[in-house]
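Quick note on our numbering: the sequence shown kicks off at 6 and runs consecutively. Ideal Cβ placement from N, Cα and C applies to all residues, glycine included.
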Amino acid sequence: MNIALKKDFYRNVYKIAVPVTLQSLIMALLTLTDQLMVGQLGDVAIASVGMSGKIYSVISVVLAGLATGVSVYAAQFWGKRDRKSISGLLGVGLLIGFGLSFLFSLFVFLKPQLCLSLFTTDTKVIENGYVFLEITALTYVPMMLTMLYSAILRSTRHVKLPMFVSLITVGLNIALNYLLIFGKLGFPEWGLKGAAVATLTARIVECLFIIGAVYKFKLPGGADFKDLFSASKPLISKFLRTTYPIVLTEFIWVLGETVYAIIYSRMGTSEMTAMTITFPLQGICIGLLAGLSSAGGVMVGNKLGAGEEEVALQYAKRFIRLGIGVSLVVGAIIVLISPFYVSAFKVSDETHRLGIYLVWVFAAFLWVKVSNMIMAGGILNSGGDSKFVFAMESTATWLIGVPSGLLMSFVWKQPIFLVYLVLSMEEVVRFVIGMARIRSRKWMKNLVGDLAA
Numbered sequence: 006m007n008i009a010l011k012k013d014f015y016r017n018v019y020k021i022a023v024p025v026t027l028q029s030l031i032m033a034l035l036t037l038t039d040q041l042m043v044g045q046l047g048d049v050a051i052a053s054v055g056m057s058g059k060i061y062s063v064i065s066v067v068l069a070g071l072a073t074g075v076s077v078y079a080a081q082f083w084g085k086r087d088r089k090s091i092s093g094l095l096g097v098g099l100l101i102g103f104g105l106s107f108l109f110s111l112f113v114f115l116k117p118q119l120c121l122s123l124f125t126t127d128t129k130v131i132e133n134g135y136v137f138l139e140i141t142a143l144t145y146v147p148m149m150l151t152m153l154y155s156a157i158l159r160s161t162r163h164v165k166l167p168m169f170v171s172l173i174t175v176g177l178n179i180a181l182n183y184l185l186i187f188g189k190l191g192f193p194e195w196g197l198k199g200a201a202v203a204t205l206t207a208r209i210v211e212c213l214f215i216i217g218a219v220y221k222f223k224l225p226g227g228a229d230f231k232d233l234f235s236a237s238k239p240l241i242s243k244f245l246r247t248t249y250p251i252v253l254t255e256f257i258w259v260l261g262e263t264v265y266a267i268i269y270s271r272m273g274t275s276e277m278t279a280m281t282i283t284f285p286l287q288g289i290c291i292g293l294l295a296g297l298s299s300a301g302g303v304m305v306g307n308k309l310g311a312g313e314e315e316v317a318l319q320y321a322k323r324f325i326r327l328g329i330g331v332s333l334v335v336g337a338i339i340v341l342i343s344p345f346y347v348s349a350f351k352v353s354d355e356t357h358r359l360g361i362y363l364v365w366v367f368a369a370f371l372w373v374k375v376s377n378m379i380m381a382g383g384i385l386n387s388g389g390d391s392k393f394v395f396a397m398e399s400t401a402t403w404l405i406g407v408p409s410g411l412l413m414s415f416v417w418k419q420p421i422f423l424v425y426l427v428l429s430m431e432e433v434v435r436f437v438i439g440m441a442r443i444r445s446r447k448w449m450k451n452l453v454g455d456l457a458a
């Protein structure tokens, strides 16, 4: 890569990755604040929110897969400056997204205790957690709208708006948490119910702000009804063929994560609580580096859409090296701060000890998790290589991660931190396969060269 190209690379990484990273960090800090506030209510409350969060993640990652499919095509359309096709693409995404999010929201709202019982047999967790889950089920539709409009904005390099909106809504969520969980300033003391109401309010406000700003400032995606649903049949067909493996990949992945959560919860409440308190830290770390994955998808996709394949390949390789370097540094910092982080939660001594060990395992695998996030979520999908990504992800999860987790926990009765360590080896398998695919160049496709809305 010559000097001019390097400068262009890092300039664009800064413009795209930094706002996306800040937004991801803001959302991760919100999760951490939620957990710390709810954590003052004890182990059962923490586990209740953790289980509810796992159910939330089922629909959120499926919608994230849909948003990724939208962003893949939007990035390539933006590379050839085809704004009308972007609007039609968004319309297709909205129709699919509304159907998925509404049906899931309805089911969880009507059957919250049934959903929780899939994860745990602890009656206290089910009795305390169902109210939280019932209310947060109403956030799924506004979350879908926010995700799809944000995907369009990021793919067209309008990345600052989602960041600022997230900053505002996170501040609102934290304030409402404080008021409604603990009953401050004359507000009712609702505990877990208060945390759920705060989350619902913030998600609705976030959705309204994003869509309102898109139309007010005439940004990509701010189309009238006619353009929004004007996608051509070839575009719809090709979009669906590329996107369904992405959605399936996310769904298969979250099913694997769900099995992991069931494994942890069936090992005991202390084990589940210890794992749950690591989730906010994991979210912060992944959020810190999520910008590299988003920037990789946008920048590589733009170059592929413009027909610059060699530059796209150089960008891809540099993104992977950058991700490994930064995540190694972050992992070392995590190890150093782990005792202080876990001590912020009011938990038993056994939960505290297990929590520290689990944080250490996460830190050891962070570099490979980030590399896989950049390769699968950003680079390979940017070229429409979604079927390969699906095969790679599902194979690693269901042939390595899930079987090893079940054996380690239920057959060999190992402690939770060793279970987590062994099942995390699936990340190493993904990394080896992903790197081989990057070098093969088979993923490099111009998806929009012959398409228009």
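(request) Find out if the Cβ-Cβ distance for the pair residue 121, residue 131 is shorter than 8 Å. (result) yes
(message) I'd like the span of the alpha helix (DSSP H) that includes residue 391, first residue to last.
(response) Run containing residue 391: 391-401, per the alpha helix (DSSP H) assignment.
(message) For residue 276 and residue 428, what's the separation of their Cα atoms in angstroms?
(response) 16 Å
(request) Would you kindly work out how many angstroms separate the C-alpha atoms of residue 283 and residue 236, rounded to a whole number? (result) 43 Å
(message) So for residue 258, helix, strand or coil by DSSP?
(response) helix
(request) Give a yes or no on contact between the stretch 278-298 and the stretch 428-441, applying the rule of three or more CB pairs nearer than 8 Å. (result) Short answer: they don't touch.
(request) Please check the pair residue 93 and residue 240, which I expect to be a contact at CB under 8 Å, by giving their CB distance rounded to whole angstroms. (result) 6 Å
(request) Would you decide whether residue 393 is buried or exposed? Buried here means 16 or more other CB atoms lie within 10 Å of its CB. (result) buried
(request) Please indicate yes or no: does the CB of residue 132 lie closer than 7 Å to some heavy atom of the ligand ATP? (result) Only the bare structure without any ligand can be found here, which leaves the ligand ATP out of the picture.
(request) Put residue 458 into one of helix, strand or coil per three-state DSSP. (result) Because residue 458 sits at a pLDDT of 47, beneath the cut-off of 50, its placement in the model cannot be relied upon, and the following sentence gives the value as read from the coordinates. Looking at residue 458 - three-state DSSP - the assignment turns out to be coil, as it is neither helix nor strand.
(message) So for residue 229, helix, strand or coil by DSSP?
(response) In the structure shown, the three-state DSSP call for residue 229 is coil.
(request) Could you please give the first and the last residue of the uninterrupted alpha helix (DSSP H) stretch that includes residue 357? (result) 354-377
(request) Would you give the residue range spanned by the alpha helix (DSSP H) that residue 167 belongs to? (result) 165-187
(request) Verify whether the separation of the beta carbon atoms of residue 413 and residue 270 is less than 8 Å. (result) no
(request) Can you give me the Cβ contacts of residue 188 inside the same chain, cut-off strictly under 7 Å, excluding the 5 residues immediately before and after it? (result) Answer for residue 188: 194, listed in chain order.
(request) Can you give me the start and stop residues for the alpha helix (DSSP H) that residue 433 sits inside? (result) Going by DSSP, residue 433 is part of the alpha helix (DSSP H) stretching over 430-445.
(message) Taking the straight line between their C-alpha atoms, what separation do you get for residue 41 and residue 350?
(response) 6 Å
(request) Determine the DSSP secondary structure at residue 194, reduced to helix, strand or coil. (result) coil
(message) Let's see if you can read the secondary structure: which residues bound the alpha helix (DSSP H) around residue 413?
(response) Looking at the DSSP string, residue 413 is not in any alpha helix (DSSP H), and its letter there is neither H nor E.
(request) Evaluate residue 426 with the Cβ neighbour count: other Cβ atoms within 10 Å of its Cβ, from every protein chain shown; 16 or more gives buried, anything less gives exposed. (result) Within a 10 Å sphere around the beta-carbon of residue 426 sit 16 or more other beta-carbons, which makes this residue buried.
(message) Is it buried or exposed, residue 287, if we count other Cβ atoms within 10 angstroms and call 16 or more buried?
(response) Buried is the call here.
(message) The alpha helix (DSSP H) that contains residue 334, what's its start and end?
(response) 314-348
(message) If distances are taken between C-alpha atoms only, which option among 359, 328, 320 and 196 comes closest to residue 273?
(response) 359
(request) Taking residue 308 as part of the alpha helix (DSSP H), name the residues at either end of that continuous run. (result) 284-310
(request) Would you be able to state if there are at least three C-beta pairs under 8 Å between the stretch 94-104 and the stretch 131-145? (result) no
(message) I need the DSSP call for residue 219, collapsed to helix, strand or coil.
(response) helix
(request) Could you spell out where the alpha helix (DSSP H) holding residue 156 opens and where it closes? (result) From DSSP, the alpha helix (DSSP H) with residue 156 extends over 145-160.
(message) I'd like to know whether the C-beta atoms of residue 310 and residue 82 end up nearer to each other than 8 Å.
(response) yes
(message) Excluding the 5 residues flanking residue 419 on each side, which residues of the same chain have their C-beta closer than 6 Å to its C-beta?
(response) 413
(message) Considering only their Cβ atoms, is the gap separating residue 53 from residue 159 smaller than 8 Å?
(response) no
(request) Pick out the complete alpha helix (DSSP H) segments inside the stretch 80-146, 4 residues or longer, and give them in chain order. (result) The stretch 80-146 is shown to contain whole alpha helix (DSSP H) runs of 4 or more residues at 88-115, 117-122 and 128-141, in chain order.
(request) Evaluate contact between the stretch 322-337 and the stretch 249-267, counting only Cβ atoms and requiring at least three cross-stretch pairs below 8 Å. (result) no
(request) Could you say if the stretch 377-397 and the stretch 297-312 meet the contact criterion of at least three C-beta pairs nearer than 8 Å? (result) yes
(request) With a cut-off of 8 Å on the beta carbons, I'd call residue 28 and residue 171 a contact; round off their distance for me. (result) 5 Å
(message) Given a cut-off of 8 Å on the beta-carbon distance, is the pair residue 153 and residue 106 in contact?
(response) Cβ distance not < 8 Å, so residue 153 and residue 106 don't count as in contact.
(request) Have a look at residue 90 and residue 84 and give me their C-alpha separation to the nearest angstrom. (result) 12 Å
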